[in-house]
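Chains as they are written, first to last, in my numbering: chain U, 396 to 634; chain L, 424 to 506.
Ideal placement from N, C-alpha and C gives every residue a C-beta, glycine not left out.
All values reported here derive from a predicted model rather than from experimental measurement.
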Amino acid sequence: MKLETRNQKPERRSALSLRSGFWFLVSGFRLVLTSSVKAMLPSSHIEESSLVPRLQSGDSAAFEELVRVHGPRLLRVARRMMPTEEDARDAVQDAFVSAFKSIGTFEAGSKLSTWLHRIVVNACLMKLRAKRRRPEETIEDYLPRFQEDGHQVESSVAWNESADTMIERAELRDLVRSSIDRLPDTYRVVLLLRDIEELAADEVAKILGITTNAVKIRLHRARQALRTLLDPHMRAHAR
Amino acid sequence: MSAMAPVDCREMITFLADYLANELPAERRRLFDGHLALCDSCVEYLATYEETIRMARAATDAGDLPAMPEELVNAILEATKPR
């Protein structure tokens, strides 16, 4: 376990509990302060232009601000990429440690959030690769097939389910999530960043270090594969 | 008269994302519209492709950002403290 609080010795825990009232007030003040700071910032550009020099000079308060401002979005991405909450938190922690070590190499003119996304996505992909017990599924197996004359091998038919009906159906939500998880990582990450996080194609390209055209191709293939995985279930549920 | 060849299902589906993003040249887009007017299977493919995107969004609760757990913030700050 990485979280320091999980490994504390009993005497340290009791010392912490004695001070819990104080820390509650401090952390509450920090949260209010952070919210106020965020509310006052007119744009991420202004926020970054003041934050980056402070980070590069080793200002620990600036690093805490970085963690609090960018942490929630990075945690959401990691939760979507990783199988468990613990894995997601570990990836975010590794990413911030890596960001802290390499902030000196951050180039002026780059976007801090894109740079951080790139670090957390790479941390997630590395952990997923290390944990994988069997080879990934091949995306080609889930792409549409065509006859020689260009017609679809299997005609497409309407679905009896929609995103609207899914809101009330937990098993349908689970099916969609587990189908997304079956996509190969290099495609799944593009689907998560483009269709779910709704980042622009050029930003996703920078995060993944690929061309915008490669993002478009991977996204289309990921959507097609997901559609293929859902199709038999969506046809089968008769209203 | 258009000199372009008619669009088949393979081309329609291969370039579906460009068609939906309105990134095809006008003349080619008209050919895609013409194919959809005749091909029920591609009409359904397009509808279910768009539904797939909506379902992915709905199933993953895209919306409010999570709160950053205090223990995670503390663990990160602890891990980056100068030793």
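- When C-beta distances to chain L are compared with 8 Å, the residues of the segment 522 to 553 of chain U below that value are 539, 541, 544, 545, 546, 547, 550, 551, 552 and 553, in chain order.
- Secondary structure at residue 458/U: helix, using DSSP grouped into helix, strand and coil.
- Closer than 9 Å to the CB of residue 427/L there is not a single CB belonging to chain U.
- In the three-state scheme derived from DSSP, where H, G and I count as helix and E and B as strand, residue 455/L is classed as helix.
- Annotation for residue 518/U: the continuous alpha helix (DSSP H) segment containing it runs 507 to 526.
- Bridge pairing for residue 541/U: 547/U [DSSP].
- Taking a beta-carbon distance threshold of 9 Å, residue 492/L counts as an interface residue toward chain U.
- Chain U has a Cβ within less than 9 Å of the Cβ of residue 441/L.
- For residue 487/U, the enclosing alpha helix (DSSP H) covers residues 480 to 497.
- When secondary structure is reduced to three states using DSSP, residue 429/L falls in the coil class, being assigned neither helix nor strand.
- At a cut-off of 9 Å, the C-beta of residue 575/U has a neighbouring C-beta in chain L.
- Between residue 619/U and residue 432/L, the gap from beta carbon to beta carbon reaches 9 Å or more.
- Residue-level contact check: residue 455/U touches chain L, since one or more beta carbons of chain L fall below 9 Å from its beta carbon.
- In terms of beta-carbon proximity, residue 450/L stays away from the interface with chain U, with every pair separated by 9 Å or more.
- In this structure, residue 578/U lies away from residue 553/U, with their beta-carbon atoms at least 9 Å apart.
- The beta carbon of residue 462/U is closer than 8 Å to those of 491 in its chain, skipping five residues each way along the sequence.
- Contact annotation: residue 490/L and residue 575/U have beta-carbon atoms that are not nearer than 9 Å.
- Taking C-beta atoms under 8 Å as the contact rule, residue 625/U and residue 475/L qualify, at a distance of about 6 Å.
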